[in-house]
Structures are given as C-alpha cells and as structure tokens.
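Under the working numbering, the sequence shown is numbered contiguously, ending at residue 754. Idealized CB from N, CA, C, for every residue including glycine. For reference, the structure discussed in these notes is given below.
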Amino acid sequence: MPSKILKLNAILFLTMAGIFIIDQNIKMLFVDGFRYYTECIDLILVYNRGVAFSMLSFLDEWLKYIQLILVFGVLIYIINLKKLCFALPAGLLMGGALSNIYDRFIHGGVVDMVYWHCGFDFAVFNFADVMIDVAVVWFLILNFKPKLCKS
Numbered sequence: 604m605p606s607k608i609l610k611l612n613a614i615l616f617l618t619m620a621g622i623f624i625i626d627q628n629i630k631m632l633f634v635d636g637f638r639y640y641t642e643c644i645d646l647i648l649v650y651n652r653g654v655a656f657s658m659l660s661f662l663d664e665w666l667k668y669i670q671l672i673l674v675f676g677v678l679i680y681i682i683n684l685k686k687l688c689f690a691l692p693a694g695l696l697m698g699g700a701l702s703n704i705y706d707r708f709i710h711g712g713v714v715d716m717v718y719w720h721c722g723f724d725f726a727v728f729n730f731a732d733v734m735i736d737v738a739v740v741w742f743l744i745l746n747f748k749p750k751l752c753k754s
C-alpha cells in the first residue's frame, strides 16, 4: 500500500511541476516581448485580473488567496482519495492553477496570450488554462465512467 501512495504522490507532484515549469516558460516569452499575429489567432500579452472572462476581478487581492485555499483543498482531497487514476489529471489541474496563482503574485494578474478571433472573438487564454480544462474533462469522464478507474 505505501508504494501505491508513493506512486500517486510522484505522478501528482511531477505532473504538477512539469505543467508549472512549461507554462511559466511560455509566459516568460510574452512578458519579454514576443508577439505573433495571424488572421485567426494572435499571440499577445494580456494580464487577466479575474478568472475566466475576467469574472470575479472585483475580488482584487483576495482572489489569489481564495484560489490558493481551493487548490490546497483539491490537493488534500486527491491525496486522501488514494486513487491512482486521479493523480495525472489532478497534477494537470494543480500545475495550471498554481502557475496562474503565481502570476497573480508576481505580475498582479494572470499572463494570458492566445487570442482566438476567427469567426468570433474568444477569451484570451494560456497553456495553464488548457491544462485545467483537460483535467476537468478527465475528472468528469472518471466520475461518470467509474470502470475506467480500477484503483
């Protein structure tokens, strides 16, 4: 049993660290001045002071602390759940979330850079946001198809 917990923690923390490092390196390119424009997608720099679509931006400084509490709640839940199949999506979710929270402390807002404007204008987002979305879909699949999770 301890090896299962060790494996869960290793997958969780290595995935979390990997997503955090990848996302921060991508964001640093844009903070340092990289831009790219096309007909459908622009790679630009935007600081998002809220969450998705700038919602909750009125919470200002409190938002990052609320998000930290939520992320640590998820961490405690996943570790206590002790199901190996949740380790990878939890790592994706927490790595992306911690990277975005880190931005709030360092830059005053989340560094977003991908702006889709082909056919319709979409929110500006980043790699961490995509990883969080992938994790949420993965969690939904695991919850609605419990046979996929054998541990």
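Annotated three-state conformation of residue 725 is coil, per DSSP.
DSSP, reduced to helix, strand and coil, places residue 736 within a helical segment of the structure shown. Membership of residue 626 in the alpha helix (DSSP H) is indicated by the continuous run 605-634.
Contact annotation: residue 628 and residue 715 have beta-carbon atoms that are not nearer than 8 Å.
Between residue 670 and residue 704 a beta carbon distance of about 5 Å is seen, short of the 8 Å cut, so the two are scored as contacting. In the assembly as shown, residue 679 is an exposed residue. Its beta-carbon has fewer than 16 other beta-carbons within 10 Å.
Within 10 angstroms of the beta-carbon of residue 672 lie fewer than 16 other beta-carbons, which makes it exposed. If you compare the alpha carbons of 637, 632, 617, 686 with that of residue 746, the shortest gap goes to 686. Residue 609 sits exposed, since fewer than 16 C-beta atoms from the chains shown fall within 10 Å of its C-beta.
For residue 648, the enclosing beta strand (DSSP E) covers residues 644-651.
By the neighbour-count criterion, in which 16 or more other beta carbons inside 10 Å mark a residue as buried, residue 638 falls on the exposed side. In the same chain as residue 626, and ignoring 5 residues on each side of it, the C-beta atoms closer than 6 Å to its own belong to 702, 730, 731, in chain order.
Runs of alpha helix (DSSP H) with 4 or more residues, each lying fully within the region 673-734, are found at 690-710, listed in chain order.
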